[in-house]
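Residue numbers (our numbering), protein chains in the order written: chain P, 1 to 204; chain H, 205 to 395; chain C, 396 to 690.
We put the CB at the ideal spot given by N, CA and C, even for glycine.
As the structure is a computational prediction, the values presented were derived from the model and not from experiment.
Before any comments, here is the structure.
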Amino acid sequence: MGDFSGNFKKGLIKSNPVLVLLLGLCPTLAVSTSLDNAFGMTAAVLFVLISANIIVSVIRKWTPDRVRIPVFIVVIASLVTIVDLTIQAFSPELSASLGIFIPLIVVNCIILGRAEAFASKNTILDSTADALGMGFGFGIAITIISFIRQLLGSGVLEAFGKKIVEVPGLVDNPMAIFLLPMGAFLVIGCLLATLRYTGVIANE
Amino acid sequence: MNELLTIFFSMALINNFVLTKFLGLCPFFGVSKKLKSALSMGLAVIVVMMAASLVTWLLYYQLLEPNGVEYMKTVIFILVIASLVQILELTIRRTNVALYNALGIYLPLITTNCAVLGVTFLNVQEGYGFAETLVAALGAGVGFTLVLAIMSGIRERLELADTPKSFEGMPVAFLVAMLLGISFIAFGGMV
Amino acid sequence: MDSTAILIIVFLTLVGLGCGIAIFLANRFLPDEDPLLKRTEEISQYLPGMNCGACGMPGCFAYAGEVAKDVECLDKYPCMTLQNDPEALKGLGQCLGLELSGGEKKVAVVHCAGDSEVLFDYAGIDSCKAASQISAGYKKCPYACLGFGDCAEVCPVNAISIDSEKKVAVVDPEVCIGCGLCAKECPQNIIEIIPAEMPQFLACSYLSRKDIPGREKCSIGCIHCKMCVRASEGGEVDWDDKTFMPLFDHAKLLPAPAAIDKCPKKVILKRDSPRWSQMPKKERVEVEKPAVKKE
Numbered sequence: 001m002g003d004f005s006g007n008f009k010k011g012l013i014k015s016n017p018v019l020v021l022l023l024g025l026c027p028t029l030a031v032s033t034s035l036d037n038a039f040g041m042t043a044a045v046l047f048v049l050i051s052a053n054i055i056v057s058v059i060r061k062w063t064p065d066r067v068r069i070p071v072f073i074v075v076i077a078s079l080v081t082i083v084d085l086t087i088q089a090f091s092p093e094l095s096a097s098l099g100i101f102i103p104l105i106v107v108n109c110i111i112l113g114r115a116e117a118f119a120s121k122n123t124i125l126d127s128t129a130d131a132l133g134m135g136f137g138f139g140i141a142i143t144i145i146s147f148i149r150q151l152l153g154s155g156v157l158e159a160f161g162k163k164i165v166e167v168p169g170l171v172d173n174p175m176a177i178f179l180l181p182m183g184a185f186l187v188i189g190c191l192l193a194t195l196r197y198t199g200v201i202a203n204e
Numbered sequence: 205m206n207e208l209l210t211i212f213f214s215m216a217l218i219n220n221f222v223l224t225k226f227l228g229l230c231p232f233f234g235v236s237k238k239l240k241s242a243l244s245m246g247l248a249v250i251v252v253m254m255a256a257s258l259v260t261w262l263l264y265y266q267l268l269e270p271n272g273v274e275y276m277k278t279v280i281f282i283l284v285i286a287s288l289v290q291i292l293e294l295t296i297r298r299t300n301v302a303l304y305n306a307l308g309i310y311l312p313l314i315t316t317n318c319a320v321l322g323v324t325f326l327n328v329q330e331g332y333g334f335a336e337t338l339v340a341a342l343g344a345g346v347g348f349t350l351v352l353a354i355m356s357g358i359r360e361r362l363e364l365a366d367t368p369k370s371f372e373g374m375p376v377a378f379l380v381a382m383l384l385g386i387s388f389i390a391f392g393g394m395v
Numbered sequence: 396m397d398s399t400a401i402l403i404i405v406f407l408t409l410v411g412l413g414c415g416i417a418i419f420l421a422n423r424f425l426p427d428e429d430p431l432l433k434r435t436e437e438i439s440q441y442l443p444g445m446n447c448g449a450c451g452m453p454g455c456f457a458y459a460g461e462v463a464k465d466v467e468c469l470d471k472y473p474c475m476t477l478q479n480d481p482e483a484l485k486g487l488g489q490c491l492g493l494e495l496s497g498g499e500k501k502v503a504v505v506h507c508a509g510d511s512e513v514l515f516d517y518a519g520i521d522s523c524k525a526a527s528q529i530s531a532g533y534k535k536c537p538y539a540c541l542g543f544g545d546c547a548e549v550c551p552v553n554a555i556s557i558d559s560e561k562k563v564a565v566v567d568p569e570v571c572i573g574c575g576l577c578a579k580e581c582p583q584n585i586i587e588i589i590p591a592e593m594p595q596f597l598a599c600s601y602l603s604r605k606d607i608p609g610r611e612k613c614s615i616g617c618i619h620c621k622m623c624v625r626a627s628e629g630g631e632v633d634w635d636d637k638t639f640m641p642l643f644d645h646a647k648l649l650p651a652p653a654a655i656d657k658c659p660k661k662v663i664l665k666r667d668s669p670r671w672s673q674m675p676k677k678e679r680v681e682v683e684k685p686a687v688k689k690e
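Structure (structure tokens):
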């Protein structure tokens, strides 16, 4: 049957897709300028990841080996189109701020990688657990990075339109570099180093 | 002509795909530390980008837009790119075995390279014409190759440097990318 | 069915077909695959993948290509790591359909015991190649090992360590695979590749018969007295008239305990217990090298 909680937990920290496996860096760094973006991206990726893993696990016995990658890609691309149209309809601001990174979920290495490496070889339940773990792991990583970048880069922490924290000194003189692309590299580099130093992640 | 040059330099340097737009990060950080492999990979990416832009531009404006199904572009574009990469892999395998061996696993990974899909999306988003699409793809590819070459050269040297244990490998590569990004801001004054 | 749905299905089918046809045409009209490519890939699985170049080929994949073309290549240009790995040999033999057995095991020896005094303070580049350019080295013996570790750098298996006190290179016979890269690298030409079964070797390279003024041999250097030849009754030790030094036959591999005993300078050393490895292990300095990574 497999180990549901084991498969789920390993994606959270030990095999965190962004911080350990270093997959899916593009959306993580690009959209992590605010917590709203982070939550939106996580929701989209979770939906696609779970659905893709389930579908691939269901059809795995009937896909010929030679065409399995194109088949997975078409499945994932269709799911991403659904997500894209849904976000455009229900939340145009999110769609505008996430930009082309929503359709780019289709080439997110996490999704194709898990479909290829795990879902095509395991049962539906295991694949779902794996997808949940990986998706939430991705969510944890992107939330931490957005938290740091938004707090230091603009002085306020906002989520769902409500202000959570406002740091008085930083609001007037925010460290703008954190909102720029180079700030993203800085944050994730130092974050990785800190996590390795404190032993949370294995020192590779 | 002026406009084409602007597009080229914008894609290659000012809005560099890797450092500013965050596209193509996986091969950028995972690239082999040898300069030669980086250049071969870059060349392959340029070829795929230009061919993909050409075919997807045709498909979008001849097939998808007139029939109101623009949202199909996600599926169609990625199918086109996957097939092009497959054809490129076949071509290299049949004609130049040494190059095929040098590229190794990186060739099929061009399919999942966000930069390639990204440039096709950008082309339709900006509403480029035919010549502009090709120039944009060329610029994006050249910019990608340039940064890839610089990064692989730096990584070669980093191997021998004395980095703190926690920073070894990826974290210091991220910091190097940050510094590269800062230096590329200087190109903003070009336009 | 809704017309948009039909449109979508039609387009997907069309594009899918188009891509399939394009790949099919490419497959058909491209030049044929090199017939040996698949075989080369199979063979290269059994090779170490270190790309050390000891075989003379530019890398393991190139070596696999040569073997795929002509199996004799395995004997003409042996890959020493492969020859010392019985499992890989078996696998490769199965792949090629041949019975493969490792060739004669060879190891490297450094013909120097490192006891020479220092002639002058060398402050140049830390490399044997550089040091050997300045009047045949900074040690009194012009044929001495200079101990900067050029040989240790090229060794693909990290078998060479440098004794930092005596400034001499020491080869670990257990680890050495006998590839010969160190022998090519040594600027003093004092590393030799000999059969692993050879029981003794001469730890000196002072070729001149008389002392060169100002460049004397070290305290244990060979004095060309021929005692070893006289002591060996069974003819185990020959004399090399060109170098005025004892010659051990690599084909016969005869042990010569009498010669080892009678040598007044004790410069003939037993193969499996070189004098300096009798030092406690911690006194031997290992040259720090990153482990060889598979690309």
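Between P:G199 and chain H, the shortest Cβ-Cβ separation is not below 7 Å.
The count of Cβ pairs closer than 8 Å, one atom from the segment 99 to 114 of chain P and one from the segment 44 to 61 of chain P, reaches three, so the stretches are in contact. By the 16-neighbour rule on beta-carbons within 10 angstroms, H:W261 is buried. Three or more beta-carbon pairs separated by less than 8 Å link the segment 133 to 152 of chain P to the segment 23 to 31 of chain P, which places the two stretches in contact. The C-beta separation of H:V279 from P:A77 comes to about 4 Å, placing the pair in contact by the 8 Å criterion. At least one beta carbon of chain P lies nearer than 7 Å to the beta carbon of H:F226. Per DSSP, the unbroken beta strand (DSSP E) holding C:P641 starts and ends at M640 to F643. In this structure, the CA atom of C:I607 is about 9 Å from the CA atom of C:P537.
Taking 9 Å as the cut-off between beta carbons, the residues of the segment 276 to 292 of chain H near chain P are M276, K277, T278, V279, I280, F281, I282, L283, I285, A286, S287 and Q290, in sequence order. Each residue's CA atom was taken as its position, placing H:A344 and C:I438 some 39 Å apart. The residue from P:S57, P:I144 and P:A131 with its alpha-carbon nearest to that of P:F4 is P:A131. In its chain, beyond the 5 residues on either side, L29 have a beta carbon closer than 6 Å to the beta carbon of P:A184. The segment 165 to 172 of chain P makes no contact with the segment 205 to 220 of chain H, as fewer than three CB pairs between them are under 8 Å. Spanning the alpha carbons of P:V74 and H:L283 requires a straight line of approximately 7 Å. For the set P:G6, P:V20 and P:N7, the Cα lying nearest the Cα of P:V200 is the one of P:V20. Per DSSP, the unbroken beta strand (DSSP E) holding C:D633 starts and ends at V632 to D635. Taking a C-beta cut-off of 9 Å against chain H, the contacting residues of the segment 398 to 411 of chain C are T399, L402, I403, F406, L407, L409, V410 and G411, listed in chain order. Contact check for H:I314 against H:V222 fails: the beta carbons are separated by 7 Å or more. If the five residues before and after P:S34 are omitted, its C-beta is found closer than 7 Å to the C-beta atoms of S146, Q150 and E158, all from its own chain and listed in chain order. DSSP, read as helix, strand or coil, puts H:L321 in helix.
For C:E587, the enclosing beta strand (DSSP E) begins and ends at I586 to P590.
The DSSP-derived three-state label of C:K621 is coil. Between H:V252 and H:V259, the alpha-carbon positions lie close to 11 Å from each other. Taken in chain order, the complete alpha helix (DSSP H) segments of 4 or more residues contained in the segment 85 to 168 of chain P are 92 to 98, 109 to 117 and 124 to 154. C:D656 sits in a helix when the DSSP states are folded into three classes. Here H:A302 is not near H:F348, since their CB atoms are 7 Å or more apart.
Under the 7 Å criterion on CB atoms, H:T260 is classed as non-interfacial with respect to chain C. With a cutoff of 7 Å on beta-carbon distance, C:A554 and C:V566 are scored as near each other. For the 7 Å CB-CB criterion, C:V504 and C:I557 do not form a contact. A distance of 7 Å or more separates the beta carbons of C:S627 and C:A646. Our two residues, H:L352 and P:L22, have alpha carbons roughly 18 Å apart in a direct line. By the Cβ-count criterion, C:G519 is exposed, with fewer than 16 other Cβ atoms from all chains shown falling within 10 Å of its own Cβ. Residues of chain P whose Cβ lies closer than 7 Å to the Cβ of H:I386 are, in chain order, M182. Residue range L239 to L263 is occupied by the alpha helix (DSSP H) that includes H:S241, with no beta strand (DSSP E) assigned at that position.
Look at the segment 486 to 528 of chain C and you find these whole runs of alpha helix (DSSP H), each 4 residues long or longer: 523 to 526.
The beta carbons of H:Y275 and P:D84 sit about 7 Å from each other, so the pair counts as a contact at 8 Å.
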